[in-house]
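Asks:
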Amino acid sequence: MVATVRRQQPPITIRSSKAVELLRLLSTSGRSQAEIIEEALEHMADRRRSLAAALRPSEPVHFDWEPPRASMSSRDEAILEE
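Quick note on numbering: the sequence shown equals residues 0 to 81 in numbering that gives the first Met the number 0.
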């Protein structure tokens, strides 16, 4: 990323009382609000996964797509077992 003088960068407006309070708490160490927001956005971008990766199961799932076939003989066996 190319560093540009802050005054030459376009401003961002956030209308959120929660964001204002969080920025106030996080900027007590002397960091600028812009640095805090940029770091948070970079962190979110690093953690972002594709939709396919998010939906992919952690372990492969195998399905038996063919249901068991019904037959009169299997029905008769179930009745006899009762």
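Cβ coordinates follow ideal geometry from the N, Cα and C atoms, glycine included.
Please list, in chain order, all residues of the same chain as Leu22 whose beta carbon is under 7 Å from its beta carbon, the five residues on each side excluded.
Replies: Here residue 22 is taken as the residue at index 23 of the sequence shown, counted from 1. Here the set comprises Gln32 and Ile35.
Asks: Grab me the residues of Glu65's own chain with a C-beta within less than 8 Å of its C-beta, minus the 5 sequence neighbours each way, in chain order.
Replies: Translated into positions along the sequence shown, residue 65 becomes position 66. Taken in chain order, the list of residues that qualify is empty.
Asks: By DSSP, does Ser31 sit in helix, in strand, or in coil?
Replies: Here residue 31 refers to the residue found at position 32 of the sequence shown. Correct three-state label for Ser31: coil.
Asks: Going by DSSP in three states, Glu58 sits in which element: helix, strand or coil?
Replies: Counting from one through the sequence shown, the residue named residue 58 turns up at place 59. In this structure, Glu58 counts as coil in the three-state DSSP scheme.
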